[in-house]
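One structure below.
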DNA sequence: TATCTATATTGTAATATTGCAATATAAATA
DNA sequence: TATTTATATTGCAATATTACAATATAGATA
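Here is the structure:
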């Protein structure tokens with residue numbers, strides 16, 4: 001049906017899924033990597049960095065913003081984008097949990 | 001169009017996106033959390049743990065397996081599932097990169 | 001071998017996502 | 001104010017995802 005049964009899962013599970021889903025597209029990975037690479041707020045050159053049309057990039061930026069992974073400030077007629085620490089911190093705990101588990105697990109059959 | 005232009009992105013970007021996308025569903029988060037919680041290979045009780053029909057769970061398990069995030073071994077007529085370290089290690093680096101960046105970034109406008 | 005149990009596959013309907021052309025908006029500047 | 005520049009929104013077509021009933025498969029056991 002294409003419709004996720006969110007109501008049957010916990011808020012935390014839904015939130016983590018939303019964050020991971022937002023990261024789950026190569027264009028959005030590329031945007032995140034670019035924001036890190038230039039190490040400053042980026043005013044609009046993201047469209048030129050990506051092999052996609054402007055409306056498509058705008059849509060991807062919107063999804064990252066909605067998920068809480070990037071922030072955008074108006075700066076004149078342009079917009080400055082940068083990573084939103086809050087969003088990434090929420091995922092951080094999840095992966096730390098997994099890594100700690102994987103480092104310590106023993107007696108596994110697979 | 002619903003079709004991702006993977007060919008325009010690097011292999012690494014596509015791979016990270018595939019992994020994140022696989023994690024990006026609450027049912028699959030729940031599966032991962034369950035595998036950690038029981039701290040052993042799980043033989044089939046995953047269907048009972050989730051509020052979804054058996055074929056749907058089977059489909060989610062397949063997606064996690066295809067992405068390299070879990071492994072499954074036949075154990076009699078059941079199957080043992082557990083986390084696949086390899087898949088999670090691939091994402092680990094990405095998030096470490098982001099976290100290191102976020103901890104050190106300064107002079108940001110947003 | 002027949003049956004049971006556990007899991008996978010197939011087929012299908014509903015919904016979501018991706019991408020872009022066309023267009024709208026909004027601030028800056030001529 | 002008219003124009004330019006940067007970004008967002010709308011509308012739409014193509015494809016992907018989600019969910020499940022029905023069915024298939026495959027090993028275990030009676």
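Residue numbers (the UniProt record's numbering), protein chains in the order written: chain S, 1 to 110; chain Y, 1 to 110. We put the beta carbon where it would ideally sit given N, CA and C, even for glycine.
Closest Cα partner of residue i within the set the options
i: residue 79(S); options: 61(S), 87(S), 91(S); result: 61(S)
i: residue 82(Y); options: 20(Y), 32(Y), 14(Y), 48(Y); result: 32(Y)
i: residue 50(S); options: 30(S), 22(S), 73(S), 9(S); result: 30(S)
i: residue 71(Y); options: 110(Y), 3(Y), 84(Y); result: 84(Y)
i: residue 73(S); options: 10(S), 102(S), 41(S), 103(S); result: 41(S)
i: residue 100(S); options: 6(Y), 53(Y), 37(Y), 44(Y); result: 37(Y)
i: residue 3(S); options: 94(Y), 43(Y), 56(Y); result: 56(Y)
i: residue 102(S); options: 103(Y), 105(Y), 110(Y), 69(Y); result: 69(Y)
i: residue 28(Y); options: 91(Y), 64(Y), 8(Y); result: 64(Y)
i: residue 90(S); options: 59(S), 58(S), 15(S); result: 15(S)
i: residue 53(Y); options: 104(S), 8(S), 105(S), 35(S); result: 8(S)
i: residue 110(Y); options: 20(S), 19(S), 39(S); result: 39(S)
i: residue 105(Y); options: 35(S), 58(S), 105(S); result: 35(S)
Exposure of residue i, with buried meaning 16 or more beta-carbon neighbours within 10 Å
i: residue 96(S); result: exposed
i: residue 13(Y); result: buried
i: residue 17(S); result: buried
i: residue 26(S); result: buried
i: residue 87(Y); result: buried
i: residue 5(S); result: exposed
i: residue 93(S); result: exposed
i: residue 76(Y); result: exposed
i: residue 67(S); result: buried
i: residue 44(S); result: exposed
Run through the UniProt domain "HTH arsR-type" (8–106) of chain S for me and flag every whole beta strand (DSSP E) of 3 or more residues, listed as ranges in chain order.
70–75, 78–83
Please name the residues in the region 20–40 of chain Y whose beta-carbon is closer than 8 Å to at least one beta-carbon of chain S, in chain order.
20, 21, 22, 23, 24, 25, 26, 27, 28, 29, 30, 32, 33, 36, 39, 40
Given a limit of 8 Å on CB to CB distance, which residues of the region 53–80 of chain S reach chain Y?
71, 72, 73, 75, 80
Short-range partners of chain S found in the region 4–16 of chain Y, where Cβ spacing is below 7 Å
4, 5, 6, 8, 9, 13, 14, 16
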